[in-house]
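Residue numbers (numbering that gives the first Met the number 0): 0 to 301. C-beta atoms are modelled at their ideal positions from N, C-alpha and C, and glycine is treated no differently. All values reported here derive from a predicted model rather than from experimental measurement. Scroll down for the structure; my scribbles are underneath it.
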Amino acid sequence: MNSGSDGCSETIDLNNDAEGGVLYIVATPIGNLKDITLRALDVLAAVDWVAAEDTRHSKRLLQHYALHKPMLSLHDHNEMDRRHELLQKLKRGEKGALISDAGTPLISDPGYHLVNLLRQEGIRVVPIPGASAFVSALCAAGLPTDRFAFEGFLPAKKNKRLLALEALCNEPRTLVFYESPHRLLDSLASFQAAFGDDKQMVVAKEITKQFEQFQRGTVSEILQYFNAHPSKVRGEFVLMVKGDSANDSEKSKSELGEKIDSAILVLLKQGLPVKQIAEIVSQWQDVKKKAVYERTLTLKSI
């Protein structure tokens, strides 16, 4: 997106106490350490402390850039309490940075409750843009990018996962998900159950790393590929599914109607009663029994 500006931006002096406390939301590399931005390095070098989900991991990251800062943990289990401690630090005029294990903080990572509190308290929050796994994957996937919906991680339990996906079956936007290697095959199986075999999708893994890979095809093809190549089920995954266009929806409804009609006619020729046909076909295609019953009566009368 072009902002139309002259390229100049506000220069922030982190050492100017008159500015008061500031929290910088700093994006870090998602794999390739060369992807850190110059601005991120400047900010991380100047802040008083760094909050991170995994302080041990983030300490090693900062050491790679010869940065040594006091580290504070901020994760799902302590954020509600830790946010008040960080608020007090910022009210005293301290400058802090929030980073995640990789990529942009708050995107499927902790930090929302902290930032929400700081905004309510009038504390300045400044984004320092950089790497994001789903944006990097989406721009290279070859799927529509004019409209998309980022859904983060799917529920771990099968039933909840299926319900979440079924609610998105008619979504016209490109769908984007994160997934871990130990749940990849289960999630792809849920995609197949919810979207069908022929839905177009792209799976990206290890973005910016040595074994970066994009696998494109139908849901069925993608599932077959990873079942056949278990060694590829490693690393972090971005799953992207093509949206359901109006034409696709109409075609799907038309094809479903043809399948149902064909099944009804076959069962009528076998002499099955209308009620039984309605029960068999409704269970087979997961459609309302009443609709199948009425359609059976119509076809029987022709």
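Practice task
To the nearest angstrom, report how far apart Gly151 and Pro109 are at their CA atoms.
Solution key: 13 Å
Practice task
Determine the DSSP secondary structure at Gln119, reduced to helix, strand or coil.
Solution key: helix
Practice task
Per DSSP, which residues does Pro126 bridge with? Please list them.
Solution key: Ile24
Problem - Top-ranked residue by Cα proximity to Thr27, from Pro143, Val218 and Ala96 - result: Ala96
Handout entry: Straight-line gap, Leu60 to Lys204 (C-alpha atoms, nearest Å)
Key = 21 Å
Exercise for the section: Compare the beta carbon distance of Val218 and Phe190 with 8 Å and say whether it is the shorter of the two. Expected result: yes
Practice task
Please say whether Gly20 and Lys90 have beta carbons closer to each other than 8 Å?
Solution key: yes
Problem - Cβ neighbours of Lys250 in the same chain (closer than 8 Å, five flanking residues each side left out) - result: For Lys250, the predicted model reports a pLDDT of 49, less than 50, meaning its position is unreliable and no value from the coordinates is stated.
Handout entry: Contact set for Pro143: own chain, Cβ-Cβ below 6 Å, skip 5 residues either direction
Key = Thr173
Problem - Nearest neighbour of Ile206, chosen from Met200, Gln199 and Gln214 [CA to CA] - result: Gln214
Exercise for the section: In the DSSP assignment, find the beta strand (DSSP E) that holds Ala101 and state where it starts and stops. Expected result: Looking at the DSSP string, Ala101 is not in any beta strand (DSSP E), and its letter there is neither H nor E.
Exercise for the section: Report all residues from its chain with a CB closer than 6 Å to the CB of Lys287; omit the five preceding and five following residues, and keep chain order. Expected result: none
Exercise for the section: Using only alpha-carbon positions, find the residue among Ala192, Val25, Lys258 and Leu113 that is nearest to Asp100. Expected result: Val25
Problem - According to DSSP, residues forming a beta bridge with Glu178 - result: Phe236
Exercise for the section: Assign Lys250 to one of three DSSP states: helix, strand, or coil. Expected result: Because the pLDDT of Lys250 is 49, which lies under 50, any placement of that residue in the model is unreliable, and the number read from its coordinates should be weighed accordingly. The answer is helix: DSSP assigns Lys250 an H, G or I state.
Handout entry: Reference Leu85; option with closest CA among Ala130, Leu71 and Arg55
Key = Leu71
Exercise for the section: Would you give the residue range spanned by the beta strand (DSSP E) that Ser72 belongs to? Expected result: Met70 to Ser72
Problem - Neighbour-count burial assignment, Tyr23, 16 or more Cβ in a 10 Å radius - result: buried
Practice task
Identify, in the order they occur along the chain, each residue of the same chain with its Cβ nearer than 8 Å to the Cβ of Leu267, setting aside the five sequence neighbours on each side.
Solution key: Ile276, Thr295, Leu298 and Lys299
Practice task
Measuring alpha carbon to alpha carbon, tell me which of Gln62, His181, His56 and His67 ends up nearest Val46.
Solution key: His67
Exercise for the section: Can you say whether Ala130 is buried or exposed, counting buried as having 16 or more other CB atoms within 10 angstroms of its CB? Expected result: buried
Practice task
Grab me the residues of Thr10's own chain with a C-beta within less than 8 Å of its C-beta, minus the 5 sequence neighbours each way, in chain order.
Solution key: Residue placement at Thr10 is poorly supported in this model, since its pLDDT is 47, which falls under 50; the coordinates still yield a value, given next. Result list for Thr10: empty, nothing under 8 Å.
Practice task
Only counting runs of 4 or more residues, tell me where the alpha helix (DSSP H) segments fall wholly within the segment 193–227, in order along the chain.
Solution key: 218–227
Problem - Contacting residues, own chain, Cβ-Cβ under 6 Å from Glu211 (five flanking each side not counted) - result: Glu205
Handout entry: Helix, strand or coil at Thr297 [DSSP, three-state]
Key = helix
Exercise for the section: Give the single residue among His76, Asn115, Phe236 and Gln282 whose Cα lies nearest to the Cα of Ser135. Expected result: Phe236
Handout entry: Collapsed DSSP secondary structure at Lys157 in the structure displayed
Key = helix
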